[in-house]
Structures are given as C-alpha cells and as structure tokens.
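Chains A and B, in that order, are what the protein sequence lines are. Heads up: the first sequence runs through residues 41 to 285, numbered per our numbering. Heads up: the second sequence runs through residues 647 to 943, numbered per our numbering. Ideal Cβ positions, reconstructed from N, Cα and C, are used throughout, including at glycine. Since we're looking at a predicted model, the values are computed, not measured.
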Amino acid sequence: MELRVNASGTPDLSGAPSKMSTFDKNAVEESIRLKESSGGSVTIITVGRSDAKKTVKEALAMGGDRGYLVVVVAEPDPHDSLTTAYLLARAIERAGPFDLVLCAEGSSDIYAGQVGPMLSEWLALPFLGYVRKVEIKDRVIRCEQTLEESVRVLEAELPALVSVVSEINEPRYPTLLQIMQASKKPIEEVGSELLIDGRAPPRLVTTVGMTAHAMSRKRVIFEGSPEATSRKLVEALRSEGVLKR
Amino acid sequence: MNSVAREVATAGRELAESLSGEQLFVVTERSRAGEGAGKVLLVDGGEEVEGDPDLIAEALARAATKKRPSAILVGATRTGRIVAARLAAKLRLGCLSDVYRLRLQGTSIVGDRDVFAGKVVAEVKADLPCVATVKVGTYPMMSEGRTGLEVEEVGSLHRGVRLVETLEKRESTTDLRGASVIVSAGRGFRTKEDLRLAEDLAKALGGALGCSRPLSSDYGWLPEELHIGLTGVTVKPSLYFALGISGQLQHVAGIKESKVIAAVNTDRDAPIFQVADYGIVGDLYQVVPAILEILKG
Ligand SMILES: Cc1cc2nc3c(=O)[nH]c(=O)nc-3n(C[C@H](O)[C@H](O)[C@H](O)COP(=O)(O)OP(=O)(O)OC[C@H]3O[C@@H](n4cnc5c(N)ncnc54)[C@H](O)[C@@H]3O)c2cc1C
Ligand SMILES: Nc1ncnc2c1ncn2[C@@H]1O[C@H](COP(=O)(O)O)[C@@H](O)[C@H]1O
Chain A
41 MELRVNASGT PDLSGAPSKM STFDKNAVEE SIRLKESSGG SVTIITVGRS
91 DAKKTVKEAL AMGGDRGYLV VVVAEPDPHD SLTTAYLLAR AIERAGPFDL
141 VLCAEGSSDI YAGQVGPMLS EWLALPFLGY VRKVEIKDRV IRCEQTLEES
191 VRVLEAELPA LVSVVSEINE PRYPTLLQIM QASKKPIEEV GSELLIDGRA
241 PPRLVTTVGM TAHAMSRKRV IFEGSPEATS RKLVEALRSE GVLKR
Chain B
647 MNSVAREVAT AGRELAESLS GEQLFVVTER SRAGEGAGKV LLVDGGEEVE
697 GDPDLIAEAL ARAATKKRPS AILVGATRTG RIVAARLAAK LRLGCLSDVY
747 RLRLQGTSIV GDRDVFAGKV VAEVKADLPC VATVKVGTYP MMSEGRTGLE
797 VEEVGSLHRG VRLVETLEKR ESTTDLRGAS VIVSAGRGFR TKEDLRLAED
847 LAKALGGALG CSRPLSSDYG WLPEELHIGL TGVTVKPSLY FALGISGQLQ
897 HVAGIKESKV IAAVNTDRDA PIFQVADYGI VGDLYQVVPA ILEILKG
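If you want it as structure tokens, here you go:
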C-alpha cells in the first residue's frame, strides 16, 4: 500500500492505493516457476478491499491462472494477522484442492511475518518458513530454509505451506500482452462475512495510533578530494565526540 | 543465554514488574537449561528440539496451557517470528510482532513498531494474555543469573517437517548490540574481499561491522543477523558509518536512533545524505583508505 502523510504528521491511509508487496512478487514468481517445471495451476488469493483486485490482476499477468479475492468492506486491522490468516485459510479451502500454498516472509506494509505461520496452523499444514530454494519430487517438497543461525534443508509431504525470502528468485515483469490477457482470467470474489464462522478467532490485536516518523539530521555534505573530505569528516566527528581517538 | 534472549529477558522483566508478576525464563533444550535470568523452566519434549520452530511452538503451547502466563515474549528473529505466530494461533491469542517500548495499559499490552518501510511508527495493542515478538536491538541485554530450575514434561512432540541436513551453522554474535561505533557496508562494495576496507575502518574506530540486507540475503557475504533495518536488527550506536549504502527507508528504519550518522556515497542524490549528519560524496574505495590514513596519523 502506498502512503501519504498529512501536514500534521499523521499518516493518511484513506485512498491509498493497494499494490502487491515486494516480497509477494517472489512468492508469485516461485509458484509460476513450479507450475512451469511440474505442471498444475496457480490460484492467486488475497484478502483486501475491492481495489485489491488490481493486485490480483498483477499476479495473474505474471502467470497465475485464476484469482480469488476476499473482499473486506471495512479495512481489517492491519495488525490483526490472526484474522487475516483465518480468512485466507477459509478462502483457500473454498477455492478447491491444492498441493502447495506459497506466501512471502513478510508484507511490505507491516512486515510482521505472521500470516504464513498462522495460516499453516489454521490449515494444519507443515510449514517451511524463510525458504530460499524449493524442489518438489514425488509429492515431497524439499526446501532450503535460511535462518539467522543456520541454513537447513527441510522436507515435508505435500500439501504444505512455504514462505519465501526475497533472494529465492528474480520476479518477472509481465509483458503488455500478458497484462491484457490477464484481464480475461477469472477472478472470483467473496465477501469476508461469508467466511467468518463459529471457529473464527476473536479480534485481539488493534492499532491504536500511528505517527509519521520524523528524523532531523545536520546534513553537512563534503565534496572534493578524498583526502580533503576525509579530513573534514574526521574533524567533524571528533568535535561531535564520537571518535574514541 | 544468547544476546537476543538477554534482550527479551529485559523486556520481560519490565512487564513482569508492571504486572506485579513473576518472570519465567523458558528453554526448550536441555543444553540451555543452565542459562537464564531468574527462574528457568525447561520444557522437555523428550527430544532434541534443535532450533526447530515447529517443535518449539508446540512445546511452548503445551507449557503455556498449564502455566497460563499473561504474556509470552519471543525475540523477533526468523525462528522467533515463526514460533510466536504458530503459538498464538494454537492458543488463539493475539500476537504483536517486532514491537519495542512494550508497556502495560489496563488489561492490554501496547507496543510500538515500524510500519510502511519505517516511515510510520504504529502503536499496537493486544489484550492479555498475548504473545509478542520483541524487535532485536531495542532493549539492553540483561546479565545472566539463574535462581532456580523447574522442568515441565510436555510429552512427545509432533514433527511436521523433517530436517534433512544443516548446510551452514553460524555462531551468534553480539557485535552490533552495545557497539558504540558501527561501520556498515552496502552494495557499493564490489566483492566480498573488498569488505576488508569496512572491517579495517571498524577496527580503527573500535567498532563493529554491519551491512544492508542485500549483502547478507542476496549475496550471502555476511551472516543474516548482521543486517540492519526493518527485517534485521535495530542499532543505536554513537556513530553509524554507512559505506556504499543508498539509504532506502527499510534500511534507515534500523538506524534512526544513532547519535551521529556519517555516509560515503558516490551519488550526491543518494537518500542516505538526507538522513546523515555528515556525508562525503565520493568513492568509498578512495575515501576509506584516506580516512584510515588520517586516523593512523
Ligand atoms: C519489505 C522490505 C524490507 C526490507 N528490509 C530491509 C532491511 O531491513 N535492511 C536493508 O538494508 N534493506 C531492506 N530492504 C531492502 C531495501 O529496500 C534496499 O533494497 C536495500 O537497503 C539497498 O541496499 P544498499 O543500499 O546496500 O544497495 P543499493 O540501494 O544498491 O545502494 C548502493 C549504493 O552504493 C553507492 N555506491 C556504488 N558504488 C560506490 C562506491 N564505489 N563508493 C561509494 N558508494 C558507492 C550507490 O550510489 C548506491 O547509493 C527491504 C526491502 C523490502 C521490500
Ligand atoms: N491480506 C492478505 N492477503 C493475502 N496474503 C496476505 C495478506 N496478508 C499477508 N499475506 C501473506 O502473508 C505474508 C506475510 O504477511 P505479514 O504477516 O503481514 O508480514 C505476506 O507477504 C503475504 O504473502
């Protein structure tokens, strides 16, 4: 989602157009590559306002086969990942049988990294998170998971859920022709209220405030020879008292 | 106890105090049972959990069902984010993610977090009991000191995913936390070997080496935990030195609280100069050696 900030410093979210999260392009790309190598079809599913249809179309232009949009009338709290994951889970079940669910490590808006693992709980699927490489053979998925402390090779039976990291691939740019063809691909829409049932989690997380971040810095710029500029910089840092010697 | 756990322990102690409650340090591996900051609970699933987020989440869920904590805090590492999210879904609890400045407000916990690439700070609230991941680098590290060990047997755990092999293991460092000077490298570096320039500068300044995300993620030149920003760690040095870093919002989100920011970049219009106190428009391959020379003299 793109964001405007009011003169008063409060962010203005109304009317901000939604667009696909950067890392979600990696997830879409990987799904299309898997389709190209192993067959099958790709369904693009998103939960959003009705203008999220644009996002779905973007993914269809990249090579998705059909779209599924869960339309929420009032914007769900962006931090209520448990509810978003629940809506996605119900939508995925309604969309039909599947072998693999792909999402990204985190969304561009909030980068919580919560929806994927929560979704795996709602769908009772094995979860392979922060994946930089995927291989599928004989209904077994093998992934390289990259964590801070280790890189691990994991395996699970399909169906499974994977969250990808950005280095997994380079997302393709759709051609004009693909963009035009995408508008003919089917997109099913369902209202979120139809998916909320007795098992839905209570809404426990809310956003209570938003402040635009302001940072004021000195912005002194030195230009010239490496020696002269370095000397000025070192002097400036000394007088700031941030150099030990 | 690793550095992340020691930060989370500080956040936990603060909350426990405001709740007039007790802080319990939970470990899922026998080898860690001797560590902690206060009372330690070893959740024993009878199996080596070995950093497996699946098993950790299940073990913690079972322990939490018995112990009924008001809040469960986890470090916002990759493993931690998976554990917290799965735990919250299993227990049907609210989950705050990547939060800092956690505080009690009535029967809820409120925390701050960076959203929209760090342009905005959101205040998020979850009703108690809840789960939260604590943004790495935002709390001071608590010193160790164990006061008691309790063992909770939780029965055998279900492994949904098989570990085939571990390709790489990396030692966890505490370099960036507490560092008063950080020299950070970006894509302005052309090869991994060239990072020696940044290391030399870090050494000369008595500081630590950090990087932008592409260097750890896309190139794998440095461990993931050294990348600074939205998806990595938050740093608060007296001096942050950005070499060949463009200064995209997601990176800057992690350096906002630096006292002084200095930058070297060939591009006069690089956004890093908008958020730097001092900048040199120049080639880091020439400027860094010149700075080193001056520091030597
Ligand atoms: C959801 C999301 C989360 C993200 N989280 C993070 C994060 O936590 N941390 C992070 O760092 N990034 C993050 N990113 C990526 C971020 O958007 C940028 O792509 C990244 O920070 C750019 O890294 P860089 O500045 O090293 O590279 P570039 O943007 O390519 O900049 C390289 C700079 O080096 C300069 N340069 C080139 N040669 C020289 C030279 N010889 N001497 C001096 N300067 C030179 C160039 O002028 C340029 O400004 C995230 C992105 C997304 C979508
Ligand atoms: N509203 C949504 N619709 C579809 N997918 C989503 C939605 N929110 C999150 N996701 C997926 O879950 C990932 C992690 O999101 P988050 O937990 O918000 O960081 C995203 O990158 C998406 O792949």
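Any idea what DSSP makes of Gly156(A), helix, strand or coil? helix
With burial defined as no fewer than 16 other Cβ atoms inside 10 Å of the residue's Cβ, what is the status of Met250(A): buried or exposed? buried
For ligand 1, I want to know if Thr269(A) counts as a neighbour, meaning its beta carbon is within less than 6 Å of at least one of the ligand's heavy atoms. It does not: the Cβ of Thr269(A) is nowhere closer than 6 Å to a heavy atom of ligand 1.
Near ligand 2: Gln154(A) beta-carbon under 6 Å from a heavy atom: For ligand 2, at least one heavy atom lies less than 6 Å from the Cβ of Gln154(A).
Nearest-angstrom Cα distance between Glu939(B) and Lys272(A)? 13 Å
Separation of Ala831(B) from Ile918(B), as counted between CA atoms: 13 Å
Identify which residue in Val807(B), Arg914(B), Ala778(B), Val934(B) has its Cα closest to the Cα of Arg842(B). Of Val807(B), Arg914(B), Ala778(B), Val934(B), the residue nearest in Cα terms is Val934(B).
Interface residues of chain B around Tyr108(A) at Cβ under 7 Å? Correct list: empty, because the minimum Cβ distance to chain B is about 22 Å.
When DSSP builds the beta bridges, which residues end up paired with Ala125(A)? Bridge partners of Ala125(A): none, in fact.
Over what stretch of residues does the beta strand (DSSP E) that includes Ala683(B) continue unbroken? 683 to 690
Could you tell me if Leu217(A) is buried or exposed, where buried requires 16 or more neighbouring beta carbons within 10 angstroms of its beta carbon? exposed
Is it the case that the region 194 to 209 of chain A contacts the region 737 to 753 of chain B, given that we only count it when at least three CB pairs across the two stretches are under 8 Å? The region 737 to 753 of chain B vs the region 194 to 209 of chain A: no contact.
Please specify which runs of the alpha helix (DSSP H), each continuous and at least 4 residues long, are wholly inside the region 694 to 741 of chain B, giving them in chain order. 699 to 713, 724 to 737
Can you tell me which residues form a DSSP beta bridge with Gln751(B)? Ser754(B)
Does any residue of chain B bring its CB to less than 7 Å from the CB of Leu43(A)? Summary for Leu43(A): the model assigns pLDDT 46, below 50, so the residue's position carries little reliability; its value from the coordinates is reported in the next sentence. Yes, contact with chain B.
Helix, strand or coil at Met60(A) according to DSSP, with G and I counted as helix: coil
Measure from the alpha carbon of Val898(B) to the alpha carbon of each residue in Pro869(B), Ser884(B), Gly878(B), Arg708(B), then state which is nearest. When only C-alpha atoms are compared, the closest one is Gly878(B).
Would you check if the distance between the CB atom of Gly107(A) and the CB atom of Val82(A) is smaller than 7 Å? no
What are the start and end residues of the alpha helix (DSSP H) that includes Leu216(A)? 216 to 222
Quick one: does the C-beta of Arg727(B) sit closer than 6 Å to a heavy atom of ligand 1? no
Measuring only the C-alpha atoms, how far is Val745(B) from Gln221(A)? 43 Å
Apart from the five residues just before and just after Leu847(B), which ones in its own chain have a Cβ nearer than 6 Å to its Cβ? Val829, Val934
Which of helix, strand or coil does DSSP assign to Glu42(A)? With a pLDDT of 44 at Glu42(A), under the threshold of 50, the modelled position of that residue is not reliable, and the figure given next carries that caveat. Coil, per DSSP.
Determine the burial state of Ser223(A): buried for a count of at least 16 other Cβ atoms within 10 Å of its Cβ, exposed for fewer. exposed
Taking the continuous alpha helix (DSSP H) assigned at Gly658(B), which residues delimit it? 649 to 664
Ordered list of beta strand (DSSP E) runs contained in the region 819 to 890 of chain B, each at least 3 residues: 827 to 831, 854 to 857, 885 to 889
Reference Glu870(B), options Arg816(B), Ser884(B), Leu774(B), Ser664(B), closest by Cα: Arg816(B)
For the region 229 to 254 of chain A, list the beta strand (DSSP E) runs that are entirely contained and at least 3 residues long, ordered along the chain. Qualifying beta strand (DSSP E) stretches, in chain order: 245 to 252.
If you follow the alpha helix (DSSP H) that Glu197(A) is in, where does it begin and where does it stop? First-last for Glu197(A): 190 to 197, but that is the beta strand (DSSP E), not the alpha helix (DSSP H).
With 16 other CB atoms within 10 Å as the buried threshold, where does Pro157(A) fall? By the neighbour-count rule (16 or more Cβ atoms within 10 Å), Pro157(A) is buried.
For Glu704(B) and Leu165(A), what's the separation of their Cα atoms in angstroms? 14 Å
With respect to the beta strand (DSSP E) encompassing Ala778(B), which residues constitute its N-terminal and C-terminal limits? 776 to 780
What does Phe262(A) touch in chain B if you count any residue whose Cβ is under 9 Å from its own? Tyr924, Gly925, Ile926, Val927, Gly928
In its own chain, which residues sit with a C-beta less than 8 Å from the C-beta of Val260(A), not counting the 5 before and 5 after it? Ala276
Residues near Leu885(B) in its chain [Cβ-Cβ closer than 6 Å; skip 5 each side]: Val827, Val906
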